[in-house]
Amino acid sequence: MKFPFLKGETLKEPVKADIIKAWFWTEKGLYLLDQRKLPLEEKYLFCDNLNKIRNAIKKMIIRGAPAIGICSAIGFVIEFKNFLSSLKGEEFPLHKVEEEIGKISNLLVTSRPTAVNLSWAVSKMRKISLKFLENFKEKIKRTELQELYKLLEKEALKIWEEDIEANLTIAEYGKSILPEGGVLTHCNTGALATGGYGTALGIIRKLYEKNKIKIYINETRPFLQGARLTAWELYKLKIPYTLITDNSAGFFMKKGEISAIIVGADRIAKNGDTANKIGTYTLAVLANFHNIPFFVAAPSSTFDLGIESGEKIPIEIRSPKEVLTCYKSKIAPSKSKAYNIAFDITPGELISAIITEKGIIYPPYNENIPKIIKIS
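Under our numbering, think of the first position of the sequence shown as 5, with each following residue one higher.
Next up, the structure:
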């Protein structure tokens, strides 16, 4: 058996689940592939309560905007089940259930600040819960809470399934506009970062099926998502690639090795300003100088039409240890200080097009994003 730790447990997953498994969801809980240990070790961590799932998101055991959105929805279901199991009796005060829904929601949305998919998914779960509870006044029965649990489970699976479908559609759109030649990507935007298949990396996978393109991967310091995760995914898929250092990207552009750059996104403002892994803005500036198209691939859940520009996007600051160490080994003098900015903002003016499951969005973004992306 490929994953013996499952011990015959029944999986909860969409029909089109990817061959690369970033997690398994069963009746017992959530098994998360510890992405911090890749590519050296493939280890799954078991999470059966909200604190464990929240910790996994904060510590980047699971990461990637769509992925943490889906896992937060699953975490919502798991914690609601735990709450239901903790209740004694057959009828309960309605306010107690409402308070628990609020507690679960608040703990999840504060896990990481930049990716909007997380709050988007939690909001969906919360709305379903509160709408269901509107049917009751002061008391609610256990059987009725079990019905709510089933609704939440169904919604979490739907969020996961819709993300995979979105990624497959994004790949189809993306393959139609990327030019032939070398493609450079940054960070990890594949199955490990999404519900499956991937956004920017999904497009690259689709392109490789049709043409033997040359793929370049930025190592993506300091967490090395490109070197550790994107390279690992492509290795598993038997797709050849070339790994380059972040600061050599301009060199390869100048040589004519790069025909296009494609990245993912953690949050996109109404004007097209895009928050993505630190170093994305630098790539966009270099691409602009060398007249190389710069594309962003993201599902509609990544858009935040409530903010006018990237100036309103919160930027996560992570531990200096991620800069000062590599696999727990020190790479700088002991008393060194470091500033570890996790994301930067790429202005919409530097983005050639944004590829979504709803279509390809071109400038002017202030006009075209609201036309294609509707607030749900």
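All C-beta atoms in this analysis are idealised placements derived from N, C-alpha and C, irrespective of residue type, glycine included.
In DSSP terms, what residue i is bridged to
i      : result
LEU155 : In DSSP, LEU155 forms no bridge with anything.
ILE345 : ILE321
PHE50  : TYR35
VAL19  : For VAL19, which the question treats as bridged, DSSP gives no partner whatsoever.
GLY186 : LYS218
GLU95  : LYS145
THR173 : Bridge partners of THR173: none, in fact.
LEU29  : At residue 29 the sequence reads Trp, which differs from the Leu that was named. According to DSSP, TRP29 bridges with LEU34.
SER329 : The amino acid at residue 329 is misidentified as Ser; the sequence shows Thr. Beta-bridge pairing links THR329 to LYS334.
THR350 : THR278
Reduced DSSP secondary structure (H/G/I, E/B, other) of residue i
i      : result
TYR35  : strand
TYR220 : strand
PRO8   : helix
ALA357 : strand
THR203 : coil
LYS378 : coil
CYS75  : helix
ILE24  : coil
LYS334 : strand
ILE108 : helix
THR114 : coil
GLY194 : coil
THR14  : coil
GLY363 : strand
ARG232 : helix
LYS242 : coil
LYS90  : In the sequence as presented, Lys is not what sits at residue 90; that position holds Ser. Residue state, collapsed to three classes: helix.
ASN55  : helix
ASN370 : helix
PHE140 : coil
Environment of residue i [buried if 16+ CB atoms lie within 10 Å]
i      : result
THR193 : buried
ILE321 : exposed
GLY68  : buried
ILE78  : buried
LYS339 : exposed
MET5   : For MET5, the predicted model reports a pLDDT of 42, less than 50, meaning its position is unreliable; a value from the coordinates is still stated below. Counting Cβ neighbours within 10 Å, MET5 comes out exposed, since fewer than 16 surround it.
ILE144 : buried
LEU196 : buried
PHE299 : buried
ILE345 : exposed
PRO8   : exposed
LEU159 : According to the sequence provided, residue 159 is Glu. The question's Leu does not apply to it. GLU159 comes out buried.
GLU31  : exposed
GLY268 : buried
SER449 : Outside the displayed span of the chain (5 to 380) sits residue 449, for which this structure offers no information.
ASN222 : buried
ILE377 : buried
SER380 : Interpretation of SER380 is limited by its pLDDT of 44, a score under 50 that renders its predicted location unreliable; no figure is taken from the coordinates.
GLU315 : exposed
GLU157 : buried
PRO303 : buried
SER280 : This sequence places Asn at residue 280; Ser is not what is there. Answer is buried; the Cβ neighbour count reaches 16.
SER76  : buried
ALA336 : exposed
GLU353 : exposed
Note to self: Give the list of continuous alpha helix (DSSP H) stretches no shorter than 4 residues that lie fully inside the region 247–317.
What the structure shows: 253–258, 284–293
Check: Does the pairing of the region 234–241 with the region 147–159 give three or more beta-carbon distances under 8 Å?
Finding: no
Notebook entry, point to check: Between the region 268–276 and the region 109–127, do three or more beta carbon pairs fall short of 8 Å?
Noted result: yes
Notebook entry, point to check: Using 8 Å as the Cβ pair cut-off and three pairs as the minimum, do the region 28–37 and the region 208–221 touch?
Noted result: no
Next item on the list: Could you say if the region 87–98 and the region 165–184 meet the contact criterion of at least three C-beta pairs nearer than 8 Å?
Entry: no
Check: If we count Cβ pairs, one from each stretch, closer than 8 Å, do we get three or more for the region 273–291 versus the region 131–149?
Finding: no
Check: Is there contact between the region 315–329 and the region 345–365, where contact requires at least three CB pairs shorter than 8 Å?
Finding: yes
Next item on the list: Count the C-beta pairs between the region 306–314 and the region 256–266 that are closer than 8 Å, then say yes if the count reaches three, no if not.
Entry: no
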